[in-house]
Structure formats: structure tokens, C-alpha cells
Amino acid sequence: MVQVCPDRYVSRIVRYGSQVDPDQFKRILRMLAPGLEGVESGDIRVASRYAWDFGLNSVDDDLTVRLAYWTEGYRKTKNEGADRVALFLCSNKDSLLMQPVNSRNKFCSKCNDSAGTVSTVRDALRLSRSSNEQT
Amino acid sequence: MWIAVPYLRRKPSQSSMQINARSDIEDVSEPSGGQDDRPQIDTRGARNMVPVLSSSDCGADAESRRGPGNPLLSYDIDIPDQEAKADKLVLKFGDWSEDYLVPQVFVETKEGIIQHVFTGYSESVDSTKRALNSFLNSPLFARCSRLPTDDAKSALKELFAITASCYGHCKELSGLEFRDDSGIGPGMSG
């Protein structure tokens with residue numbers, strides 16, 4: 032899941048499942064877009080959600096889902112200026128791009144028909160799986 | 043036993059921490075000094091605490107181990123020794139990461155088993171509030187609460203009456219607001 036605002040600013044990326052591997056999530060994030068190569072384990076936080084989290088009146092207290100969060104700039108708050116570079120989601124497809132946080136551009140370089148390569152979420156997942164298989 | 047870790051952020055990694063035995067956890071519990079059989083709430087350092095709540099039904103043998111009436115203990119993660127205790131609990135039983143999410147809540151069973159039951163939401167304070175409301179109305183909470191239910195809810199609500207700067211949006215204070223008529227989640231009454 033990618034949490035975006037109307038300006039396509041990505042404030043949060045969440046991976047979820049019955050189990051989540053923070054290390055794999057970190058590798059995925061690092062491949063998502065230029066500028067995310069520096070994602071570290073400390074940038075990722077995990078959470079368990081149970082039936083009661085969702086208001087379900089289940090007496091079964093088994094784990095329902097686990098989440099791994101990456102939050103934009105959460106720990107990297109050295110630069111909070113309006114000119115800082117941040118992650119955005121292209122309006123056309125699931126491409127991520129880095130650009131100044133105050134940019135009005137909502138499209139990746141491909142959609143803008145300009146040069147540059149931007150990884151997609153699917154690409155990153157595929158690369159991550161491939162990497163896992165090799166190791 | 044309930045454990046929550048608040049909204050103010052904390053020091054860097056504790057990833058090298060080692061927990062080897064249950065005794066590491068037992069000594070995180072501190073008496074809250076109750077004089078009667080009713081649960082007592084330790085509200086010291088209320089903004090940054092890790093509360094611990096036990097009960098007669100599924101909670102700890104608090105009376106024998108920690109003296110009478112200690113259903114709720116809390117640890118302030120801005121106080122180093124309490125933070126270390128909170129870290130141990132979260133590392134061993136909770137949703138641990140180097141910069142783990144807060145709050146986190148645990149319950150300790152009669153058998154001394156500690157189970158994680160709640161983690162705050164990265165998404166927003168509202169999300170945390172909604173989930174906490176749900177949790178306070180869950181069968182598990184009712185089962186574990188030695189207090190009359192409304193009192194137990196009030197106790198936890200007090201613990202979560204914390205504020206912090208709105209993250210990533212503005213610098214205004216934001217916090218959990220509990221409203222029975224909020225329409226968010228099942229509400230706190232009943």
C-alpha cells in the first residue's frame with residue numbers, strides 16, 4: 032500500500048501479510064526509486080493487527096495481519112526545507128519518482144516523455160524475489 | 043499486563059540488546075503502591091509511559107509478585123531505566139524494530155505468559171484512537187479487566203491522554219481524543 036495525498040506525495044509505504052520480512056521490505060524499498068537506496072532497517076517499523084483492531088468481536092485472539100511501515104522522512108529529518116527531495120507516486124501508473132517536495136509535477140519522467148528511468152513497485156518486487164531466489 | 047509506548051520518539055537502535063530469560067521481564071514490573079485490592083494506576087511521567095495492567099482473570103499474579111493492586115504499570119521511555127525495561131518487553135514480546143511503533147500494549151496471563159495485544163498506528167492518531175476504542179470494547183479486554191469495565195477503560199484512556207506534534211503536516215499539537223459519540227469505532231461506552 033502506498034499512502035499518497037492529492038499532490039501525489041508519498042507519506043507512507045506499507046507492506047502487509049500474514050508475515051512480513053522487514054529485511055525484504057528494505058530491499059524492495061531500496062529498489063523502488065533513486066533516492067531510496069539509503070533506506071535502513073531503522074526506517075522500517077512493524078505492527079501486528081488483531082481482530083479487535085478492526086472492531087471484530089472475535090474471541091479468537093490470533094494474529095490477523097502484520098504490517099511493515101516505511102514513512103517518508105521519518106528519521107531523516109535533517110532537511111525539512113521546502114526544497115527537499117521527496118518521494119511521489121506518478122498519477123499515471125505505479126511509478127515512484129523523487130522530486131522537490133514543493134513540486135507540482137504529478138508524473139514520472141516516462142509519463143512526461145522525458146529521459147530517466149524509474150522503477151515501478153512491480154519491478155522492485157520482481158527484483159527482490161529474484162534476489163531471494165539467488166540467495 | 044498492558045504495555046504501551048508513547049508518541050514521542052526515542053533514541054536510536056537497541057538492536058543489539060539481548061534478553062535471555064523471563065526474569066529479565068519480571069524485573070521490569072514496579073509496584074504502583076496500591077493499598078487495597080483495587081487496581082492502581084501509576085501515572086508518573088504520564089506523557090511517555092509504558093503502562094502495564096494485569097487482572098485476576100487472565101492477568102498476572104500481581105499480588106504475590108508485586109504486592110496488592112498492581113494491575114497497571116507504566117514505563118516512561120524518556121527515562122533511561124524505564125526505557126530499557128520497555129525496550130526489553132517490546133523486543134521479546136512485541137512489534138520490535140529499531141525505532142518501534144508506539145504505543146504497544148501487552149497482557150500477562152495467570153501463567154505468566156506475556157502476549158502482545160496492541161500497537162499504535164503509524165498512519166495517524168485517529169487510526170490509533172479507533173483501534174484502541176475497538177480494543178477496549180473487545181472480548182479480550184473484558185476478560186482481562188479486573189476493574190469494573192468503565193473504570194478500566196478510564197484508566198487506559200488516562201494513560202493515552204498524550205500529545206505530540208503533528209507529524210509531517212504541521213507543528214501543532216495532536217493527541218488522542220476519546221469521545222463516546224465520536225462515530226469512530228465502537229466508542230468507549232458499554
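Sequences listed follow chains A and B, in order.
Numbered per the working numbering, the first sequence spans residues 32 to 166.
Numbered per the working numbering, the second sequence spans residues 43 to 232.
Glycine residues also receive a C-beta, built at the ideal position from the N, C-alpha and C atoms.
At a Cβ cut of 8 Å, what residues of the stretch 52-65 of chain A count as close to chain B, listed as they run along the chain?
From the stretch 52-65 of chain A, only P53 have a Cβ closer than 8 Å to chain B.
Within 10 angstroms of the Cβ of A82/A, are there 16 or more other Cβ atoms? Answer buried if so, exposed if not.
By 1-based counting over the first sequence, the position of residue 82/A is 51. Classification of A82/A: buried, given that the 10 Å Cβ count is 16 or more.
List the residues of chain B whose Cβ lies closer than 8 Å to the Cβ of D168/A, in chain order.
A question about residue 168/A goes unanswered here, because the residues of chain A that appear run from 32 up to 166.
Between the alpha carbons of M32/A and L120/A, how many angstroms are there, rounded?
Residue numbering aside, residue 32/A sits at position 1 when the first sequence is read from its first letter. Residue numbering aside, residue 120/A sits at position 89 when the first sequence is read from its first letter. Straight-line Cα distance between these residues: approximately 12 Å.
Within the stretch 155-189 of chain B, note down every full beta strand (DSSP E) run reaching 3 residues or more, in order along the chain.
Runs found: 156-161.
Spell out whether any CB of chain B is found under 8 Å from the CB atom of I44/A.
Counting from one through the first sequence, the residue named residue 44/A turns up at place 13. Contacts with chain B at 8 Å (Cβ-Cβ) do not include I44/A.
With 7 Å as the limit, tell me which residues of the stretch 110-141 of chain A have their beta carbon closer than that to any beta carbon of chain B; keep them in chain order.
For the stretch 110-141 of chain A, there are no residues whose beta carbon sits under 7 Å from a beta carbon of chain B.
So what does DSSP say about R108/B, is it helix, strand or coil?
If you number the second sequence from 1, residue 108/B lands on position 66. Note that R108/B scores a pLDDT of 37, beneath 50, so its modelled location is shaky and nothing firm can be said.
Would you please verify whether the beta carbon of T102/A is less than 8 Å from any beta carbon of chain B?
Reading the first sequence from its first residue, position 71 is the one you call residue 102/A. Yes, because at least one Cβ of chain B sits closer than 8 Å to the Cβ of T102/A.
According to a CB-to-CB cut-off of less than 8 Å, which residues of the stretch 138-152 of chain B neighbour chain A?
Listed by position, the residues of the stretch 138-152 of chain B near chain A (Cβ gap below 8 Å) are W138, S139, E140, D141, Y142, L143.
Measure how close the beta-carbons of V41/A and L118/A come, nearest whole angstrom, since I'm counting them as under 8 Å.
Translated into positions along the first sequence, residue 41/A becomes position 10. Translated into positions along the first sequence, residue 118/A becomes position 87. L118/A and V41/A do touch by the CB rule: their CB atoms are close to 4 Å apart, below 8 Å.
For W83/A, which of helix, strand or coil comes out of DSSP?
Here the question's residue 83/A lines up with position 52 in the first sequence. Here W83/A sits in helix by DSSP.
To the nearest angstrom, how far is the alpha carbon of P37/A from that of D52/A?
On the first sequence, position 6 is the one that residue 37/A refers to. On the first sequence, position 21 is the one that residue 52/A refers to. Whole-angstrom Cα-Cα distance: 30 Å.
Between Q55/A and A184/B, what straight-line distance do the alpha-carbon atoms span, to the nearest angstrom?
Position 24 of the first sequence holds residue 55/A. Position 142 of the second sequence holds residue 184/B. If you draw a straight line from the Cα of Q55/A to the Cα of A184/B, it is about 38 Å long.
When the cut-off is 8 Å and only beta carbons count, does Y81/A lie next to chain B?
One-based indexing of the first sequence puts residue 81/A at position 50. Closer than 8 Å: yes.
Y100/A versus I156/B - alpha carbon distance:
Within the first sequence, residue 100/A is the residue found at index 69, counting from 1. Within the second sequence, residue 156/B is the residue found at index 114, counting from 1. In a straight line, the C-alpha of Y100/A is about 24 Å away from that of I156/B.
Measure the Cβ-Cβ separation of V273/B and F160/B and say whether it is below 8 Å.
Nothing can be reported for residue 273/B: it is not among the residues displayed for chain B, which extend from 43 to 232.
Beta-carbon of L131/B versus every beta-carbon of chain A: anything under 8 Å?
Here residue 131/B is taken as the residue at index 89 of the second sequence, counted from 1. False, the Cβ-Cβ gap to chain A never drops below 8 Å.
Among the residues of its own chain, which have a CB less than 7 Å from the CB of Y105/A, if the five just before and after it don't count?
Within the first sequence, the letter at position 74 stands for residue 105/A. By the criterion of a C-beta distance shorter than 7 Å, Y105/A is surrounded in its chain by D74, once the five residues flanking it on both sides are discounted.
Out of curiosity, what's the CA-to-CA distance linking V45/A and P65/A?
Start at 1 with the first residue of the first sequence, and residue 45/A comes out as number 14. Start at 1 with the first residue of the first sequence, and residue 65/A comes out as number 34. Answer to the nearest angstrom: the Cα atoms are 19 Å apart.
How long is the line joining the alpha carbons of Y47/A and R76/A, rounded to whole angstroms?
Locating residue 47/A in the first sequence gives position 16, where the first residue counts as 1. Locating residue 76/A in the first sequence gives position 45, where the first residue counts as 1. As the crow flies, the alpha-carbon of Y47/A is around 12 Å from that of R76/A.
Smallest Cα separation from H158/B: which of N179/B, K134/B, S116/B?
The residue labelled residue 158/B in the question sits at position 116 within the second sequence. The shortest CA-to-CA distance from H158/B to any of N179/B, K134/B, S116/B is the one to K134/B.
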